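Undergrad:
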Amino acid sequence: MNKTMLILSLILSYGIYSDEPLNRGTTDGAFTTLMLASPDIDKYVDTLKSNTSAFSATGASDAGVCITRSGNEYAGQMMVWSAFPSVEAALVGSLKYDPQQAPESFAQLREPKYGVTWKAAKPWRLDPGYERVQRVNVPTDKLQDFVAAMTDLEKAIIEAGHSDFFNGVFLPIGGGTHEAQTVMVRSATPDASSFGKLFDEYFDGEAAWTDEWLALQAVGGTIISDSFEECEQTYSAN
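All letters in the sequence shown, in the order written, are residues 358 to 595 by this note's numbering.
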């Protein structure tokens, strides 16, 4: 059953002050992410797959990892993500596991940076892949237009033959100075090849979705960071 987010929750999560509710098109559920640095990413991911106790303890429905492949801010950059049925469940779940008190088998394989909870501002399909991730500072009176333009762009790209493409716009809750005053945009394809084809279409002047891309740029906003992540699901409660 769909639940409508109150405008107050969006004000608190994004730090904006607007007279219009920004809850159209949101989905049930929420995500948490733990940003990490790992000296041995492959070994750490294997450890997560073999020991899922942290995910089950927090009540996550699904979980996985995203490894930063370009645009790194530090060596070994990655994150662990967890999906929850609601923001309430995400916040409560985050209190059931302290990454600073992890077993030695985990602690020696990663350095926690910070955690944050996310709420989707538009429908998001849980299908991890090769994802372009941008933090964008959107003018406070343009957020709803930005989300609508991202939705239009997604639709146009899918109709152009890229059926596995999708966009996400996420509002941060409790991300400290790291995520303040920005939204996270995730544009996902199954693999790097699929994403590369989108760029080639655009630069070759063959993109049928050019108008929607230009409309998104016209909304405004400043890109604060830009990276590519390779994501996978490593846990499901079902």
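Here a beta-carbon is modelled for each residue, glycine too, at the ideal position from N, C-alpha and C.
Please read these numbers as outputs of a predicted model, since none were measured by experiment.
Whose C-beta lies closer than 6 Å to the C-beta of A517 among residues of the same chain, with five residues either side of it excluded?
TA: Excluding positions up to five away in sequence, the list reads A565, W566.
Undergrad: Would you kindly report the start and end of the unbroken beta strand (DSSP E) that includes Y592?
TA: Counting along the chain, the beta strand (DSSP E) containing Y592 begins and ends at 579–593.
Undergrad: Out of G486, F560, H535, which has the shortest C-alpha to C-alpha gap to G421?
TA: Ranking G486, F560, H535 by Cα distance to G421 puts G486 first.
Undergrad: With the cut-off set at 7 Å, would you say S584 and R492 are in Cβ contact?
TA: Against a cut-off of 7 Å, the Cβ pair of R492 and S584 comes out as no contact.
Undergrad: Grab me the residues of F552's own chain with a C-beta within less than 6 Å of its C-beta, minus the 5 sequence neighbours each way, in chain order.
TA: Y487, T546, listed in sequence order.
Undergrad: For E586, which of A594, A549, D568 has the nearest alpha-carbon?
TA: Comparing Cα positions, the closest option is A549.
Undergrad: So, does the stretch 469–487 touch the stretch 529–541, judging by three or more C-beta pairs under 8 Å?
TA: Touching, per the Cβ criterion.
Undergrad: Among A572, V495, A575, K512, which residue has its Cα nearest to the Cα of Q538?
TA: Out of A572, V495, A575, K512, V495 has the C-alpha closest to the C-alpha of Q538.
Undergrad: Hey, could you find the ends of the alpha helix (DSSP H) T409 is sitting in?
TA: Counting along the chain, T409 falls outside any alpha helix (DSSP H), and DSSP gives it neither H nor E.
Undergrad: Spatial neighbours of D419 within its chain, please: CB distance less than 8 Å, with the 5 preceding and 5 following residues excluded, ordered by chain position.
TA: Excluding sequence neighbours, D419 sits near S439, A440, L483, Q590, Y592, S593, A594.
Undergrad: Would P442 and G525 qualify as a contact pair, given that the criterion is a beta-carbon distance under 7 Å?
TA: Not in contact: P442 and G525 (Cβ atoms no closer than 7 Å).
Undergrad: Are the C-beta of T409 and some C-beta of chain C separated by less than 7 Å?
TA: No chain C appears in the structure shown, which is made up of a single protein chain.
Undergrad: May I ask you to report which of helix, strand or coil DSSP gives L393?
TA: Looking at L393 - three-state DSSP - the assignment turns out to be strand.
Undergrad: Does DSSP classify A575 as helix, strand or coil?
TA: A575 falls in the helix class under three-state DSSP.
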